[in-house]
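Notes follow once the structure below has been shown.
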Amino acid sequence: AHGVYVDAAHDNVWVTNTRDNQVTVYDRESLDLVWTSYDFDAAKADPANRAQVEISHPREVIIDEVHHRAYVTAANRGGATDSSITVYDTVTFERLRDIAIPARANYPTTGDNESAYAVPMGLDIDEATGTVYANDFRTDQYYVLDYAADPADYAVERVDIPNPLAATEGLGLLQPLGL
Numbered sequence: 011a012h013g014v015y016v017d018a019a020h021d022n023v024w025v026t027n028t029r030d031n032q033v034t035v036y037d038r039e040s041l042d043l044v045w046t047s048y049d050f051d052a053a054k055a056d057p058a059n060r061a062q063v064e065i066s067h068p069r070e071v072i073i074d075e076v077h078h079r080a081y082v083t084a085a086n087r088g089g090a091t092d093s094s095i096t097v098y099d100t101v102t103f104e105r106l107r108d109i110a111i112p113a114r115a116n117y118p119t120t121g122d123n124e125s126a127y128a129v130p131m132g133l134d135i136d137e138a139t140g141t142v143y144a145n146d147f148r149t150d151q152y153y154v155l156d157y158a159a160d161p162a163d164y165a166v167e168r169v170d171i172p173n174p175l176a177a178t179e180g181l182g183l184l185q186p187l188g189l
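All residue numbers for the sequence shown refer to the numbering used here, where the first residue is 11 and numbers rise by one.
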């Protein structure tokens, strides 16, 4: 598990399983399975198709308890050109939306062209406004996602970090809490 977050409003624990491309929710007290993005019935029916991918390479999860939303970064590794942040309803577990974080066309690459792909990782949230912040694993940028009352209305702003080594005290890896 890469991402673990307690949804205190609904007494659940959200967990991302990056290797199996799934998001799972457990009851906070009993740790019983409440919901998963993995389709167990389909896997049983067709064992060759065991990798049920609703979300590719989920990493971090954060809960907006005010708006009943779970945000999950999807790094979309393995040659995908766009990454996303997937939004789930924390009451119904419905997948509401994938907020696309497109590759940066003019970003310098290391020769494999994968360097330009956005890889959203860590998350932070301002619950008063619903604004979500995500850092990027590959680029010297972070993203600001402005939530409007309708989950279809997200504005994604890509923000350059002027001096990433100074902003991260020489580590080069920006965490959202440092923004």
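A virtual CB, placed ideally from N, CA and C, is assigned to each residue, including glycine.
Under the three-state reduction of DSSP, N31 is assigned to coil, being neither helix nor strand.
Excluding sequence positions up to five before and after I135, its CB lies within less than 6 Å of the CB of I72, D74 and V142, all in the same chain and listed in chain order. Classified as exposed, R29 has fewer than 16 neighbouring CB atoms from the shown chains inside 10 Å of its CB.
For L155, the enclosing beta strand (DSSP E) has its first and last residue at Q151 to Y157.
The DSSP-derived three-state label of A128 is coil. Inclusion of T102 and A80 in the CB contact set at 9 Å is not warranted, their separation being larger than that value.
Assigned with DSSP and collapsed to three states, A80 falls in strand.
The beta carbon of R69 is closer than 7 Å to those of H12, G13, T26, T28, T83, A85 and M131 in its chain, skipping five residues each way along the sequence.
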